[in-house]
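Worksheet: the structure to be examined is printed underneath.
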Amino acid sequence: NAGVTQTPKFRVLKTGQSMTLLCAQDMNHEYMYWYRQDPGMGLRLIHYSVGEGTTAKGEVPDGYNVSRLKKQNFLLGLESAAPSQTSVYFCASSYGWRRDGYTFGSGTRLTVV
Amino acid sequence: DQQVKQNSPSLSVQEGRISILNCDYTNSMFDYFLWYKKYPAEGPTFLISISSIKDKNEDGRFTVFLNKSAKHLSLHIVPSQPGDSAVYFCAATLITGANNLFFGTGTRLTVIP
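As given, the protein sequences belong to chains V and F, one line each in that order.
Just so you know, we're using the numbering used here here: the first sequence kicks off at 1 and counts up by one.
Just so you know, we're using the numbering used here here: the second sequence kicks off at 1001 and counts up by one.
Following this line, the structure appears as structure tokens:
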């Protein structure tokens, strides 16, 4: 099925470990986004990309890095995980500036202990 | 500072009745507003949107109302169905700047059969 696929769905990390979350979309979307969702807060934008080879910071970028080497993939990296990064992470993609065209993945639940 | 607020974390409604979900915002530069629906273990899915030049948009059982002077929007679901039980997020986006959606904290709607 067409859509946005996130890998892994669950992960537990120890403080200081690193990991990469993978987001893949097969809709040929130009724009891709990483959000995090925390209790009592809305989804907040971490980083986004407007095309292959480009990335930009969102609202809460600290502690994360991203790469968009291929149009269909958007990777989110945590170099040294901290308990404050315990969250549910959502990837999304869209055609350009179509604001109602965001397609979200099903999320990755990350726990940092 | 939360620019989009949903002050009711939860709402219960009888099947067949009207559900009204509310959302307030603080930034007068927001020009487009959206509602997303989220089921457990899934990503948010787009439901309905409204431009700031309109005060109402309707799509089947779903209607969104915008009151710009009060910086308030609401989502009406009539009639409510058990399948509507989900978390509803209000989101807003700016006239200029990054292609970013600012999300509210969500309201969990339960439709009682």
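Using N, Cα and C, we set each Cβ at its ideal position, and we do this for glycine too.
- Non-local C-beta neighbours of A56 of chain V in its own chain, meaning closer than 8 angstroms and more than five positions away in sequence, comprise H47, Y48, S49 and V50, ordered along the chain.
- Y1039 of chain F has its alpha-carbon roughly 20 angstroms from the corresponding atom of I1018 of chain F.
- Around the CB of L1073 of chain F, 16 or more other CB atoms lie within 10 Å, so the residue is classed as buried.
- Counting along the chain, Q37 of chain V sits inside the beta strand (DSSP E) bounded by residues Y31 to Q37.
- Setting aside the 5 residues that flank it on each side, L1034 of chain F is surrounded in the same chain by S1049 and A1091, each with a C-beta closer than 6 angstroms to its C-beta; the list follows chain order.
- For the stretch 3-63 of chain V, the full-length beta strand (DSSP E) segments reaching 3 residues or more read 4-7, 10-13, 19-25, 31-37 and 43-49 along the chain.
- DSSP places S1019 of chain F within a strand segment (E or B) once states are collapsed to three.
- Contact between V112 of chain V and L13 of chain V holds: their C-beta atoms lie close to 5 angstroms from each other, under 8 angstroms.
- Here V1013 of chain F has S1019, S1080 and V1111 as same chain residues with Cβ atoms under 6 angstroms from its own Cβ, once five neighbours each way along the sequence are excluded.
- Nearest Cα to V4 of chain V within the set V:E79, V:L43, V:C91 and V:L45: V:C91.
- Identification of chain V residues near V1004 of chain F by a Cβ-Cβ cut-off of 8 angstroms yields G42, ordered along the chain.
- Fewer than three Cβ pairs drawn from the stretch 1053-1065 of chain F and the stretch 77-93 of chain V lie within less than 8 angstroms of each other, which leaves the two stretches out of contact.
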